[in-house]
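Right, one structure below, let's go through it.
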Amino acid sequence: MVCTLLLTLGNALSHPFEMDTVVTLSRGGLLATHYGLYNTIAGIGIAAGNLLGGALLDTTGSGPLPWIALATLGGVCGWALHRLARAGRLSTDDPRSMTHALLGQRRA
Numbered sequence: 044m045v046c047t048l049l050l051t052l053g054n055a056l057s058h059p060f061e062m063d064t065v066v067t068l069s070r071g072g073l074l075a076t077h078y079g080l081y082n083t084i085a086g087i088g089i090a091a092g093n094l095l096g097g098a099l100l101d102t103t104g105s106g107p108l109p110w111i112a113l114a115t116l117g118g119v120c121g122w123a124l125h126r127l128a129r130a131g132r133l134s135t136d137d138p139r140s141m142t143h144a145l146l147g148q149r150r151a
């Protein structure tokens, strides 16, 4: 029950930022197409993650390898977001944007 609550809370906190990032990366053009692409890639990622995660657990058992692999994947995703932010791909001039509120404070 606690895991379900934590997963729900994490999703509720991250979803607005995900949607704001899609809007920012679309740069205002073809927004519905960008949402469609995002949802398609997310669906493929979810399916592939479940299949690969299950296969990894089946082959390695309950050792530390699956958790190391998942932590590494999370680190790579965080690094990719950092690179996007440094390249200016996540910044926006719209002061209503959550991305602007978070990244705008850090830029001088």
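For reference, each letter of the sequence shown is one residue, going 44 to 151 in my numbering. Every residue, glycine too, gets a C-beta built ideally from N, C-alpha and C.
Is it the case that the Cβ atoms of residue i and residue j are separated by a distance below 8 Å?
i, j, result
"HIS77", "LEU68", "yes"
"PRO109", "LEU124", "no"
"LEU74", "VAL66", "yes"
Where does residue i sit, in a helix, a strand or coil, going by DSSP?
i, result
"GLY96", "helix"
"GLY117", "helix"
"ALA123", "helix"
"MET44", "coil"
"ALA90", "helix"
"LEU73", "coil"
"ARG129", "helix"
"GLY53", "helix"
If you drop the 5 nearest sequence neighbours on each side, which residues of the same chain put their C-beta closer than 7 Å to that of residue i?
i, result
"ARG149", "Any reading at ARG149 must be qualified, since the residue scores a pLDDT of 48, below 50, and its modelled position is unreliable; the value itself is stated next. Excluding sequence neighbours, ARG149 sits near nothing in its chain."
"THR102", "none"
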